[in-house]
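S.K.:
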Amino acid sequence: MAEETITSMLEERRKFAPPRNETAHIASMEQYAQWRARFEADREGAWRELALEHLHWQQPFTRVLNRERPPFFRWFEDGYLNVSENCLDRHVAAGHGARTAIIWEGEPGEVRRISYAELLAEVCRAANALKQLGIEAGDRVVIYMPMIPEAAVAMLACTRIGAVHSVVFGAFSAQALRDRIEDAQAKLVITADGGWRRGAVHDLKSKVDQALDGGGNSVRHVLVVRRGGNKVAWKPERDLDWQEVLCVESDVCPPARLNAEHPLFILYTSGSTGKPKGILHTTAGYLLWARLTMLWSFDFHAGRDVFWCTADIGWITGHTYSVYGPLACGGTTLMYEGVPTFPDPGRLWQICAAHDVTIFYTAPTAIRALIKAGDEWPARHDLSSLRVLGTVGEPINPEAWMWYYTVIGQRRCPIVDTWWQTETGGHMIAPLPFATPTKPGSATLPLPGIEADVVDGDGKSIAEGGGLLVIREPWPSMLRGIWGDEQRYLETYWRKFDGRFYFAGDGARRDEDGYIWIMGRVDDVLNVSGHRLGTMEIESALVAHEAVAEAAVVGRPDEVKGESICAFVVLKQGTPDEALRQALKRHVGEVIGAIAKPDEIRFAEALPKTRSGKIMRRLLRDIAAGREIRQDISTLEDAAVVRRLLEDQQG
Ligand code: WT7
Numbered sequence: 040m041a042e043e044t045i046t047s048m049l050e051e052r053r054k055f056a057p058p059r060n061e062t063a064h065i066a067s068m069e070q071y072a073q074w075r076a077r078f079e080a081d082r083e084g085a086w087r088e089l090a091l092e093h094l095h096w097q098q099p100f101t102r103v104l105n106r107e108r109p110p111f112f113r114w115f116e117d118g119y120l121n122v123s124e125n126c127l128d129r130h131v132a133a134g135h136g137a138r139t140a141i142i143w144e145g146e147p148g149e150v151r152r153i154s155y156a157e158l159l160a161e162v163c164r165a166a167n168a169l170k171q172l173g174i175e176a177g178d179r180v181v182i183y184m185p186m187i188p189e190a191a192v193a194m195l196a197c198t199r200i201g202a203v204h205s206v207v208f209g210a211f212s213a214q215a216l217r218d219r220i221e222d223a224q225a226k227l228v229i230t231a232d233g234g235w236r237r238g239a240v241h242d243l244k245s246k247v248d249q250a251l252d253g254g255g256n257s258v259r260h261v262l263v264v265r266r267g268g269n270k271v272a273w274k275p276e277r278d279l280d281w282q283e284v285l286c287v288e289s290d291v292c293p294p295a296r297l298n299a300e301h302p303l304f305i306l307y308t309s310g311s312t313g314k315p316k317g318i319l320h321t322t323a324g325y326l327l328w329a330r331l332t333m334l335w336s337f338d339f340h341a342g343r344d345v346f347w348c349t350a351d352i353g354w355i356t357g358h359t360y361s362v363y364g365p366l367a368c369g370g371t372t373l374m375y376e377g378v379p380t381f382p383d384p385g386r387l388w389q390i391c392a393a394h395d396v397t398i399f400y401t402a403p404t405a406i407r408a409l410i411k412a413g414d415e416w417p418a419r420h421d422l423s424s425l426r427v428l429g430t431v432g433e434p435i436n437p438e439a440w441m442w443y444y445t446v447i448g449q450r451r452c453p454i455v456d457t458w459w460q461t462e463t464g465g466h467m468i469a470p471l472p473f474a475t476p477t478k479p480g481s482a483t484l485p486l487p488g489i490e491a492d493v494v495d496g497d498g499k500s501i502a503e504g505g506g507l508l509v510i511r512e513p514w515p516s517m518l519r520g521i522w523g524d525e526q527r528y529l530e531t532y533w534r535k536f537d538g539r540f541y542f543a544g545d546g547a548r549r550d551e552d553g554y555i556w557i558m559g560r561v562d563d564v565l566n567v568s569g570h571r572l573g574t575m576e577i578e579s580a581l582v583a584h585e586a587v588a589e590a591a592v593v594g595r596p597d598e599v600k601g602e603s604i605c606a607f608v609v610l611k612q613g614t615p616d617e618a619l620r621q622a623l624k625r626h627v628g629e630v631i632g633a634i635a636k637p638d639e640i641r642f643a644e645a646l647p648k649t650r651s652g653k654i655m656r657r658l659l660r661d662i663a664a665g666r667e668i669r670q671d672i673s674t675l676e677d678a679a680v681v682r683r684l685l686e687d688q689q690g
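In structure tokens, the structure reads:
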């Protein structure tokens, strides 16, 4: 796309930018350059100013950044504050108690609107209930819930008393839930009987029961919200009804005084080895960046905007942009319980129209699925309230970008392509909606304060061209480590460049304008529908099945999902037929969850390996994608293995 076109789009869009007078709004590339210069001149001074301006401190910090033991950085470490106080009390005290904090729509269609005053009262009741159950600051609480307001209440109640939450996505299996409970040594699980998905109640409590059967011994209580109305088993000494427990509690609970570096939450994500990593985020730095990125990259304005991030709270996107970001700003966030295409592919647009959503944030995979469903669906709904559109999770192809821009945004809404990760806490590379000229498919430029760079294998910066994405300077919302595994933190993110900078695991290209184009993961991590899955995690699930001797999992390009899962399986028993294929898919669903089920299982006599015994993944990726094999296979232990795999594909 020509530079001219992009700039004229920008001018067009500015007409729709409402007038602003907030310090946090970046309205032009000149202002962006000023911010960058400000950071360059005095990095810590800039962070100090932002942290003092944007957070409410019970005791302000004096020290900005402790770099004594890199990469174990500590931010604002002598300050004290409380996240729930920043997200609730502060706004009520400012006179916004009646403002809507959460608009919730259930899948069957019921709507709840919860004001800041109501949310504060409910969070206090829940926090008091947690105390009654013996939960103290630092204790871990696992949250396994549908997208209902009580999920946000549970998260905020933890922050009120300093308990560390770990939200587990509701579609993960009982076994995956147990692994996370055990790794975090959680004392309490908060769940629901079930939630609505695709027109039926999806059971959650029974999965908690299964997870705690013969495991998860650290758990003393299970707190159950009634949502689905489905029948559940009950262990009287362990299980408690949320409503019954909360209704006797006071709606006043003073926010705990917590250190800036107090652990806020653990969120498990897949890595390149079998075991998911518990990414640890702490209090002040995370909250600061959640708020700032809402203001900068979404141009979010409390009291005017209705912000909808379609991600489930089981993912970092849901943490930062369904809950903490919008609430830290005192604005309105929308939560939707169900499937985006239920009962028809117009559901998302119906919700946008019904609640006058102004900022909408979703994943390219959803956009591509909606393109396929047809333009008649958005056409049925009035989308004129929309003014900013965001995307996240995977590279967005220019066609999907243009559709989003023209059909949904009506050429009036900037497209904000946000690159970031569970580990980064919030956006890192993203356009400023009313300042940055966009290019379809590029996340554009790093936000102020973020020193993102594209480097070669030795860490040398590449002015123009492809390389690896790194972050050169610590930033406040960076992960503080992997729960219980210091070594893995060092290995995964820092060893590659000898501790000099953070390695993101993504490949990227920088163009002639300095714009960054994300190319995707360079490790054994898959990105399926914007969800991160480890190939080794799926492989270990497969080999745990009695019929499987060996397995190799690779990603294959997919038109809608970005990547789909292809598993090559060598059997030790059983017949390689459709029944076994289905059984293996089911098995992976039970071990990890439905999202990890392979789309395709190919039975093989053996896996192609080098003479040193390494599985040749690149070769398998080519075979899975039906691409021509460009690789030299002479180092293969058995070249016949490859020939047979290729023949199998043609047949
Ligand atoms: C990985 C992080 C951050 C919330 C969602 C996923 C990929 C993320 C983009 C984007 C291209 C992207 C990267 C990254 N990714 N956003 N805008 N363009 N790729 O969080 O599960 O931690 O996954 O998602 O590969 O490393 P996550």
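Per the working numbering, the very first residue in the sequence shown carries number 40; after that it's consecutive.
All residues carry an ideal CB built from backbone N, CA and C; glycine is no exception.
Here the structure is a predicted model, which is why all the values come from computation and not from measurement.
Is Pro-596 buried or exposed, if buried means 16 or more other CB atoms sit within 10 Å of its CB?
M.R.: Flag for Pro-596 reads exposed.
S.K.: Please list, in chain order, all residues with a C-beta atom less than 7 angstroms from at least one heavy atom of the ligand WT7.
M.R.: Those satisfying the condition are, in chain order, Thr-308, Trp-354, Ile-355, Thr-356, Thr-430, Val-431, Gly-432, Glu-433, Pro-434, Ile-435, Asp-456, Thr-457, Trp-458, Trp-459, Gln-460, Thr-461, Glu-462, Ala-482, Ala-543, Gly-544, Asp-545, Ile-557, Gly-559, Arg-560, Asn-566, Gly-569, His-570, Arg-571.
S.K.: Compute the Euclidean distance between the alpha carbons of Gly-234 and Tyr-360, then round it to the nearest angstrom.
M.R.: Near 21 angstroms, if we compare the C-alpha coordinates of Tyr-360 and Gly-234.
S.K.: Could you give the first and the last residue of the continuous beta strand (DSSP E) run that contains Tyr-183?
M.R.: Segment 179-183, the beta strand (DSSP E) holding Tyr-183.
S.K.: If you measure between the beta carbons of Tyr-554 and Leu-610, is that distance less than 9 angstroms?
M.R.: No, these two residues do not count as a Cβ contact at 9 angstroms.
S.K.: What do you reckon, are the CB atoms on Val-180 and Cys-197 nearer than 9 angstroms?
M.R.: Yes, they are a contact pair.
S.K.: Excluding the five sequence neighbours on either side, which residues of its own chain have a C-beta within less than 6 angstroms of the C-beta of His-130, listed in chain order?
M.R.: Counting only Cβ-Cβ distances below 6 angstroms, and skipping sequence neighbours, we find Tyr-155, Gly-369.
S.K.: By a C-beta neighbour count over all protein chains shown, 10 Å radius and 16 as the cutoff for buried, is Asn-256 buried or exposed?
M.R.: Per the 10 Å Cβ criterion, exposed.
S.K.: Quick check: Leu-303 and His-204, are their CB atoms within less than 9 angstroms of each other?
M.R.: Yes, the pair counts as a contact, with Cβ atoms nearer than the cut-off.
S.K.: Excluding the 5 residues preceding and the 5 following Val-192 in the sequence, name in chain order all residues of the same chain whose CB lies nearer than 6 angstroms to its CB.
M.R.: Contacts found: Glu-161, Val-162, Ala-165.
S.K.: Quick check on the burial criterion: 16 or more other C-beta atoms within 10 angstroms. Buried or exposed for Ala-299?
M.R.: Ala-299 is buried by the Cβ-count criterion.
S.K.: Can you tell me where the alpha helix (DSSP H) with Phe-78 in it begins and where it stops?
M.R.: Element bounds for Phe-78: 68-80.
S.K.: Rounding to the nearest angstrom, what Cα-Cα distance links Glu-486 and Ser-245 in this structure?
M.R.: Checking the sequence shown, residue 486 turns out to be Leu, not Glu. Each residue's Cα considered, the two are about 44 angstroms apart.
S.K.: Would you mind sorting Ser-673 into buried or exposed? The rule is 16 or more other CB atoms within 10 Å of its CB.
M.R.: The residue in question, Ser-673, is exposed, as its Cβ has fewer than 16 Cβ neighbours within 10 Å.
S.K.: Let me check understanding here. Comparing Cα to Cα, which of Ile-200, Glu-149, Ala-137 lies closest to Ala-168?
M.R.: Closest by alpha carbon: Ile-200.
S.K.: In the region 598-640, which residue ranges form an unbroken alpha helix (DSSP H) of at least 4 residues, counting only runs that do not cross its ends?
M.R.: For the region 598-640, whole alpha helix (DSSP H) runs of length 4 or above, ordered along the chain, are 617-630.
S.K.: Taking Cβ positions, are Tyr-183 and Thr-230 nearer each other than 9 angstroms?
M.R.: Yes; because the gap between Cβ atoms is below 9 angstroms, this pair is in contact.
S.K.: At which residue ranges does the region 518-597 contain complete beta strand (DSSP E) runs of 3 or more residues, listed in the order of the chain?
M.R.: Counting whole runs of 3 or more residues, the region 518-597 contains the beta strand (DSSP E) stretches 541-549, 555-560, 564-567, 570-573, 587-597.
S.K.: Taking 9 angstroms as the threshold (C-beta atoms), are Ile-406 and Trp-354 in contact?
M.R.: In this structure, Ile-406 does not lie closer than 9 angstroms to Trp-354 by Cβ.
S.K.: Using a 10 Å radius around the Cβ and a threshold of 16 neighbouring Cβ atoms, would you call Thr-445 buried or exposed?
M.R.: With fewer than 16 other Cβ atoms within 10 Å, it is exposed.
S.K.: Take every Cβ of the region 325-337, pair it with every Cβ of the region 541-558, and state whether three or more of those distances are shorter than 8 angstroms.
M.R.: Output reads no: the region 541-558 does not touch the region 325-337.
S.K.: Identify whether Trp-96 lies in helix, strand or coil by the three-state DSSP scheme.
M.R.: The answer is coil: DSSP assigns Trp-96 none of H, G, I, E or B.
S.K.: Between which two residues does the beta strand (DSSP E) holding Arg-324 run?
M.R.: Reading off the sequence shown, one finds Gly at residue 324, where the question assumed Arg. Taken as a continuous stretch (DSSP letters only), Gly-324 belongs to no beta strand (DSSP E), being part of the alpha helix (DSSP H) at 322-337.
S.K.: Can you list, in chain order, the residues of its chain with a C-beta nearer than 7 angstroms to that of Glu-629? Leave out the 5 residues immediately preceding and following it.
M.R.: Excluding residues within five positions, the ones whose Cβ falls inside 7 angstroms are Ser-212, Gln-214.
S.K.: Excluding the five sequence neighbours on either side, which residues of its own chain have a C-beta within less than 6 angstroms of the C-beta of Ala-392, listed in chain order?
M.R.: Excluding sequence neighbours, Ala-392 sits near His-420, Asp-421.
S.K.: Use the C-beta contact count for Gly-601: other C-beta atoms within 10 angstroms, 16 or more gives buried, fewer gives exposed.
M.R.: Counting Cβ neighbours within 10 Å, Gly-601 comes out buried, since at least 16 surround it.
S.K.: What are the boundary residues of the alpha helix (DSSP H) that Thr-198 is part of?
M.R.: Unbroken alpha helix (DSSP H) run through Thr-198: 188-200.
S.K.: When you compare each of Trp-388, Asn-436, Thr-397, Leu-91 to Glu-415 by their alpha carbons, which one comes out closest?
M.R.: Among Trp-388, Asn-436, Thr-397, Leu-91, the Cα nearest to that of Glu-415 belongs to Trp-388.
S.K.: Please classify Ser-336: is it buried, with 16 or more other beta-carbons within 10 angstroms of its beta-carbon, or exposed?
M.R.: Buried is the call here.
S.K.: Measuring only from the beta carbon, is Thr-312 closer than 8 angstroms to any heavy atom that is part of the ligand COA?
M.R.: In the structure shown, the ligand COA is absent; the only ligands present are the ligand WT7.
S.K.: Mind checking Glu-50: buried by the 16 CB within 10 Å criterion, or exposed?
M.R.: The residue in question, Glu-50, is exposed, as its Cβ has fewer than 16 Cβ neighbours within 10 Å.
S.K.: For Gly-324, which residues in the same chain have their Cβ closer than 6 angstroms to its Cβ, ignoring the five residues on either side in sequence?
M.R.: Excluding residues within five positions, the ones whose Cβ falls inside 6 angstroms are Trp-114, Pro-515, Ser-516.
S.K.: Taking the alpha-carbon of Ile-410 as reference, which of Tyr-375, Ile-447, Glu-551 has the nearest alpha-carbon?
M.R.: Closest option to Ile-410, Cα to Cα, is Ile-447.
S.K.: Starting from the C-beta of Val-680, find all residues in its chain whose C-beta is less than 6 angstroms away, skip the five residues before and the five after it, and write them out in chain order.
M.R.: Cβ within range, chain order: Ala-645, Pro-647.
S.K.: Quick check on Glu-686: buried or exposed, where buried means 16 or more other Cβ atoms within 10 Å of its Cβ?
M.R.: By the 10 Å Cβ count, Glu-686 comes out exposed.
S.K.: According to DSSP, what are the bridge partners of Trp-114?
M.R.: For Trp-114, which the question treats as bridged, DSSP gives the partners Leu-104.
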